[in-house]
Each structure stands twice: as C-alpha cells, then as structure tokens.
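Position 257 of the sequence shown, counting from 1, maps to 828 under this note's numbering, and the rest follow consecutively.
One structure is given below, encoded as structure tokens.
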Amino acid sequence: MTAGEASRWHPSPKTLTVAAIGLCCLLASAQAAESSGSCTARSGANTPAIVELYTSEGCSSCPPADRWLSKLTAQPDVIALAFHVDYWDHLGWKDPFGSPAFSQRQAQQQRVNGSRFSYTPQVTINGVDARHWRSLRPPITVPPSSSPVQVQLSRMGDRYTAVVQAVNGPTLRVGAYWAVTENGWVSEVKRGENSGATLAHDFVVREYRPVSLWSTGEEHAKTLSFTPLTASEGSRSRQVNLVVFDADSGRPMQAIKLGC
572 MTAGEASRWH PSPKTLTVAA IGLCCLLASA QAAESSGSCT ARSGANTPAI
622 VELYTSEGCS SCPPADRWLS KLTAQPDVIA LAFHVDYWDH LGWKDPFGSP
672 AFSQRQAQQQ RVNGSRFSYT PQVTINGVDA RHWRSLRPPI TVPPSSSPVQ
722 VQLSRMGDRY TAVVQAVNGP TLRVGAYWAV TENGWVSEVK RGENSGATLA
772 HDFVVREYRP VSLWSTGEEH AKTLSFTPLT ASEGSRSRQV NLVVFDADSG
822 RPMQAIKLGC
C-alpha cells in the first residue's frame, strides 16, 4: 500500500542478490551473568543481514509480511526490526505500535533504499528495497562483506554501552541508531481493514533513538550509551539493537544486539 492510496501492493520479481554466508556475521559471543544483570557481545568481521519491515495493523496486505518476519526468530545472526508506521491510522484502527517517527524514518530512507515512495508492507535488507521478500525463505543471508567497523556492546543493569571502532581503513563519518525490539505481541483488531483479525507480531520496535553523526578512526573509538525508557512488559523476549551506518551513503555497515 502506498502512502497516497489504500491499494494492495504486489511484489515485483526483481532479484536482489542474496548469497549464503556462515552464521559468523554476528558473533554469538554474548556472555550473560543473569544474577548481576550484565552481558557482552561483539560484532563479527562482516556486515550481518539487517532486515527492516515497515508495516501497520491498519494495512490488510501487511499480516503476511508480519508472519514472514516472525520466521526470523529462528535465525539469531539477523538483526530484524519491525517499524509500525502511523499513516494508516485514519482508516479506522490506530496501530498501538505505530509512531510518526517510524513513518518519518521510512520517508527519509527512500534516498538510501531506492524506493520512490513509502508503502506497506516494505522490506529492506541492508538498506536495499526488497520487493521480492515473499520469495525469500529463511535463512536470510547476504553476500559476505567486510565491515569497516567493529562494535562491542555491553549491558550493566539498565544501561547499555557500545564501543565503536574503525578497522583497517581511514577515518569514517558514521551514524547509528538504537532500537528496542520485543517479540510475542498479539493484537485483536476491532476496526479498519483487518477488523476481526488477531495479529501476531515479533521484532516490534518499541523504542527508536538516533545517534548524532561522528567521525571514527582506528585510533579514535566512539563510546555510546543508552538506557531504554520503555519498560519491558510481561515475559516477552526483548532485544536492544545498535545499527551503525555510513553517513554518506546511509547504508548499514555493522549491527549488534543483546537479548540478555
């Protein structure tokens, strides 16, 4: 569906090169100490698969994409993010996870991902518009690409600290954003295009916080800190994600997550 009309979108058969790599994109080296509320993870040498879904409970063509994204819960090396936009709320159902900030992010990403307009459901993989997402079967992988940065992410209590370090290259202009995601949400939609449906969601972005651009080099590591403002509800699985991107191209070049 486009932002200008409530029409159904059908994916094009265009091919986005997706090649296999090992599970080492994102180093699964999280060391948890639950009693102290601390854990640490380090990124791998390559850029992992970063999958963004722009969706809405007010969009009748979105539930299949939501179900597709949920399959990635079995793939721990992927960074998956479901941004619920708010521009379909006027159809009669206000998406409880929708945010104007997510709609704005989608619009800003058009120059990066190659789409000419905002629509739902939209899937991007490492910043590229992936209209053929329906044909992709997990595991979702990307061609091996050495990342120019490495990240160590640590948690101590409610506070998360990331150290971003450039490797094997010159000083870079980079940006980043934090995203808190949760799995296991279920909504009973009462009105709108999905009236009467029970919708399940995973990787729901509950909090999104951009980080100002900076320059980083091998001798100048950047330390970022983050304390989530959104309280965890119930026993839902929660992850704190950090995505680092090239400030010039806008494309992601590293990402890491902690679920402990």
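Quick reminder that beta carbons are idealized off the backbone N, C-alpha and C, glycines included.
Keep in mind that this is a model prediction, so the values were computed, not measured.
According to the DSSP assignment, S641 belongs to the alpha helix (DSSP H) that extends over 634-641. If you look at N617, you'll find it isn't in any alpha helix (DSSP H); DSSP assigns it neither H nor E. For F688, there is no enclosing alpha helix (DSSP H), as DSSP gives it neither H nor E. Separation of the CB atoms of Q723 and T611 is rounded to 7 Å, and the pair is thereby assigned contact status at 8 Å.
Just so you know, the alpha carbons of E623 and I696 end up roughly 7 Å apart.
P709 places its beta carbon 9 Å or farther from that of V738. The shortest CA-to-CA distance from G767 to any of G663, V649, S670 is the one to G663. Note: P823 is bridge-paired with F816 in the DSSP secondary-structure output.
Of D700, Y658, E790, the smallest CA-CA separation from P741 is found for E790. Per the Cβ contact rule, the segment 686-693 is not in contact with the segment 614-621 (fewer than 3 Cβ pairs under 8 Å). Among the bridge pairs identified by DSSP, E753 is matched with V775, R809. Rounded to whole angstroms, the separation of the alpha carbons of L829 and R807 is 14 Å.
Cβ neighbours of V775 within its own chain (closer than 8 Å, five residues either side excluded): A653, H655, F668, T752, E753, N754, W756.
Bounds of the beta strand (DSSP E) holding Q736 are 730-737. Contact annotation: L784 and V735 have beta-carbon atoms that are not nearer than 9 Å. Here S670 is actually not in contact with Y658; their C-beta atoms are around 11 Å apart, not less than 8 Å.
When only Cα atoms are considered, C633 and Q677 end up about 15 Å apart.
Rounded to the nearest whole angstrom, the C-alpha separation of V683 and E764 is 30 Å. For the pair N812 and I711, the CB atoms are not nearer than the 9 Å cut-off. Bridge partners of Q723 according to DSSP: R613, V734.
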